[in-house]
Structure formats: C-alpha cells, structure tokens
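Participant: In terms of numbering that gives the first Met the number 0, the sequence shown is residues 0 to 189.
Positions of the beta carbon are idealized from the N, C-alpha and C atoms, including for glycine.
My questions all concern the structure below.
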Amino acid sequence: MRLVLLGAPGSGKGTQAARLRDHFGVPHISTGELLRAAVRAGTPIGLKAKAVMDAGGLVSDEIVLTILEERLSAGDTGAGYILDGYPRNLSQANALDVLLARLAQPVERAIQLDVDNELLIARLAGRALAEGRADDNPESVRKRLEVYDAQTAPVIDYYRHQQKLTSVDGVGAMEEVFERIVEALGNRFA
Ligand code: ADP
C-alpha cells in the first residue's frame, strides 16, 4: 500500500493517516510532524522552518525534500507507506516521483479528502482550543487555506492525470470517513 493522502488543513488527513497505518501496517509519514519534531529538537532545519510554519507558509522544497529523503532511508517502507502533507505543490510532486522511482517504491494511489472551506475553518478553530498548535491561530489558518488552494490543489490534478486519484467525502464521523477510504482503495488492498 503506497498511498498519498491529499486534503486541506483540517480535512482530517492526519487522523485518517494514523488509522490507515494501523489498518495496513505501513508507516505514516507526515512532513508536518517531521518538521514539528525538528522544531522541538532545535535542529538547524527546525530553526529555519519554525517562523514559516507558524505563519502558515510553506517551508522550502529543498528542506522538506531533505527530511523526507532522510525518513525514507529508514528502510521500513518495504511494504509501503502513507504519505501525509507531501507533496504540497507541483514541484514537490515531481521531486517525489523521481525519488520514489529511484527507491523502486512509486505511489500507487492518491486519496483526496474533500471538505468545504467553512467546515475546515470551524474544525481548525476547535483544534486551536484543544491542541494549541502555533499555526492554528486565525491568521495562519487563513494563510494555510490560501496556500492550499493556490499551490496544493493543482497536485490533485497531477494524480488525476496519472489515473491514481480517488476523491473521498471527508465530511462525517471519523469512522465513517475511514470506511469510505478503505472502500475507495478497493479489496485488493484490504
Ligand atoms: P496542516 O495540513 O494542518 O497544515 P501539516 O502538519 O501537514 O498540517 O503541516 C504544517 C505546516 O508544516 C505547514 O503549514 C507547512 O508550513 C509545513 N509543511 C508540512 N509539509 C510541508 C511540505 N510538504 N512542504 C512545505 N511545507 C510543509
């Protein structure tokens, strides 16, 4: 199961990725989590990334590719992976194809979680209260949604052209959305 999970901030990608990891027994690789870990550890990458992340912008392609390559070299992706938060623009989508071709682990499927903007904003406001993430303040949320529409939405078409894309309705209970994803992936991955 080599899967890319696409969806706006607040679409539930992270939650569903964790469920899919448990279901399929393959690692969940979140570039957002990797970057937050680098920030917490105070590494040079973390120090560079922090201000951009807090403001809701995209960390440079070069930095994110470096941490992703490092993560993929851990050698635990033989049975597959769930990628969450990457690729976020077309140049990352191209870089990912090159990297994964070299590792002989190309993306099999891309799932897009579809949730409308009003609900995204409401969910992120709720998460701000619950988790206190530095980038869940109203200004950064607005910026992240803008960045998603401008830069990440084209990635959906990228996978559509490769005939790897399935869109899934991301509105509903966590369990319900999970069932939809598993169904969309079809029995050959069950
Ligand atoms: P969300 O989907 O809610 O925005 P993530 O955890 O995926 O949360 O990402 C948090 C932040 O980390 C992003 O706003 C961005 O600053 C940075 N980030 C994560 N993945 C990437 C990426 N692939 N390219 C550039 N920046 C990234």
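Shorter than 8 Å, the distance from the beta carbon of R35 to the closest heavy atom of the ligand ADP, or not?
Facilitator: Flag set: Cβ of R35 near the ligand ADP.
Participant: How many angstroms separate the CA atom of S139 from the CA atom of A54?
Facilitator: When rounded, the distance between both Cα atoms is 5 Å.
Participant: For T30, verify whether its CB is less than 8 Å away from any heavy atom of the ligand ADP.
Facilitator: It does: the Cβ of T30 is within 8 Å (strictly closer) of some heavy atom of the ligand ADP.
Participant: Is D60 helix, strand or coil by DSSP?
Facilitator: Of the three classes helix, strand and coil, the one that applies to D60 here is helix, per DSSP.
Participant: Assuming R108 is part of the beta strand (DSSP E), what are its boundary residues?
Facilitator: Looking at the DSSP string, the run of the beta strand (DSSP E) that includes R108 is R108 to D113.
Participant: How is the alpha helix (DSSP H) around D156 delimited, first residue to last?
Facilitator: A152 to H160 is the extent of the alpha helix (DSSP H) around D156.
Participant: For the beta strand (DSSP E) containing V167, name the first residue and the last one.
Facilitator: Start and end: L164 to D168.
Participant: Near V63, which residues of its chain fall below 6 Å by C-beta distance, leaving aside the five closest residues on each side in sequence?
Facilitator: So the qualifying residues of the chain are T30.
Participant: Report yes if the CB atom of D96 is closer than 9 Å to the CB atom of P26, and no otherwise.
Facilitator: Result no, Cβ atoms of D96 and P26 do not sit closer than 9 Å.
Participant: Can the beta-carbon of L123 be found less than 9 Å from the beta-carbon of G11?
Facilitator: No.
Participant: Determine the closest residue to L118 out of L2, A7, V3 and D21, with distance taken between C-alpha atoms.
Facilitator: Comparing Cα-Cα distances from L118 to each of L2, A7, V3 and D21, the minimum goes to A7.
Participant: Would you kindly report the start and end of the unbroken alpha helix (DSSP H) that includes S90?
Facilitator: S90 -> alpha helix (DSSP H) spans L89 to R101.
Participant: Per the contact definition of three or more C-beta pairs closer than 8 Å, is the stretch 12-20 in contact with the stretch 126-137?
Facilitator: Segments in contact, no.
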